[in-house]
Structures are given as structure tokens and as C-alpha cells.
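Just so we're aligned: the sequence shown equals residues 48 to 223 in this note's numbering. Even glycine gets a Cβ: it sits at the ideal position worked out from N, Cα and C. Accompanying notes for the structure given below.
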Amino acid sequence: MRKIIALFVFLPVILFAQTEQKEDVWAPFKFFVGRWEGTGGGGPGVSKVEREYRFILGGKFLKAENKSTYEPQKENPKGEVHENLDLISYDRGRKKFVFRQFHLEGFVNQYVLDSLAPDGKTITFVTESIENIPAGWRARENYRILSDSEFVGTFSLAVPGKEFEVYTENCLKRKK
48 MRKIIALFVF LPVILFAQTE QKEDVWAPFK FFVGRWEGTG GGGPGVSKVE REYRFILGGK
108 FLKAENKSTY EPQKENPKGE VHENLDLISY DRGRKKFVFR QFHLEGFVNQ YVLDSLAPDG
168 KTITFVTESI ENIPAGWRAR ENYRILSDSE FVGTFSLAVP GKEFEVYTEN CLKRKK
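The structure is reproduced here in C-alpha cells:
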């Protein structure tokens with residue numbers, strides 16, 4: 048009789064535990080997976096942008112590779128090519144996304160997710176540290192999803208003691 052009572056008490060708990068679905072922490076970022084192309088502008092001038100996002104290492108990290116080719120301009124007659132490698136991870140201890148950005152110039156920005164709009168269409172990261180730059184500088188990355196195949200990425204910088212100012216803004220469209 049005790050076995051039957053135990054079965055009726057614990058069976059619902061066991062079945063519920065097996066059917067309970069875990070929240071997909073990566074849901075806000077799945078939109079970005081794929082190849083993107085677009086144009087940009089800002090401090091370094093007008094650019095053509097190529098970017099690719101994909102999950103790596105068993106889906107534990109989101110990797111992005113970015114290449115921005117800036118047209119020649121008066122201040123920079125040869126133009127410029129900027130590349131960066133991005134890795135986003137989920138820190139379970141802090142329950143926060145951490146975004147590390149490695150730049151061709153040697154800067155390494157470590158951002159933490161600052162805000163995610165309730166509709167998931169605006170994502171903002173703010174640096175907690177930047178390597179290879181004087182102390183006090185801050186950076187912010189903001190992504191605004193415009194449609195299923197388009198988003199705008201805005202990179203802003205703040206010199207010590209000042210507010211953020213937009214440095215570059217890229218408008219990207221999905222290629223694949």
C-alpha cells in the first residue's frame with residue numbers, strides 16, 4: 048500500500064520535472080546568426096561592412112567576425128580596414144551575458160549586458176573594462192532590430208569624465 052501511495056505522490060513530480068522546459072537564455076541572440084552585409088559611417092568615414100555570427104563550442108558561445116572597409120577621405124587618403132572578433136558568453140554565476148570584443152588595433156573590450164528591451168528588439172552592452180587604452184575610457188554597443196532581416200549596430204565611446212558619443216553606426220542586412 049505504501050508503494051502505491053508513494054507512486055501517486057511522486058509520479059506527478061517526476062513527470063513534471065521531465066516535461067519542464069528550461070528557458071533558452073540564447074533566445075535574444077539567435078536572430079543574429081547568419082551572414083550580414085551593409086554600410087556604416089562615423090568617425091573613420093563611410094564603410095562597407097561584412098559580418099557573420101555563429102554559435103560555437105556546443106552552442107555555449109556566440110562568435111561574430113566583423114570587417115569594415117572605410118573609403119579614402121581627406122583625413123585618411125588610403126582608407127582603412129577595421130576587423131574585430133566578438134565572443135558572447137553567458138555567465139551563469141552573474142546571470143548576465145558577457146561580450147568580449149578583440150580589435151585589430153589591439154583593444155579588447157569586455158562588455159556586460161546593460162539592457163534588453165522587453166520586445167527583444169534593442170540590446171545594449173556597456174564595457175566593464177577595456178585593455179590597451181588609457182584608464183577611464185568607456186564603450187557601448189547597441190543593437191536595434193528593425194525587421195527579420197535588418198538591424199542597426201551603434202558603437203559609442205566616452206572619454207574619461209564625459210558622456211557617450213556615437214563613433215560608428217552600421218546598418219546591416221541579412222545575406223544568409
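In the structure shown, the three-state DSSP call for LYS77 is helix. Excluding its 5 nearest sequence neighbours in each direction, PHE78 has C-beta neighbours in its own chain below 7 Å: ILE192, listed in chain order.
Per DSSP, the unbroken beta strand (DSSP E) holding GLU197 starts and ends at 197-205.
The region 189-206 makes no contact with the region 99-106; the number of CB pairs closer than 8 Å stays below 3. When secondary structure is reduced to three states using DSSP, VAL155 falls in the strand class.
Comparing C-alpha distances from CYS218 to each of ALA186, TYR158, SER115, GLU152 shows the shortest one belongs to SER115. DSSP places PHE144 within a strand segment (E or B) once states are collapsed to three.
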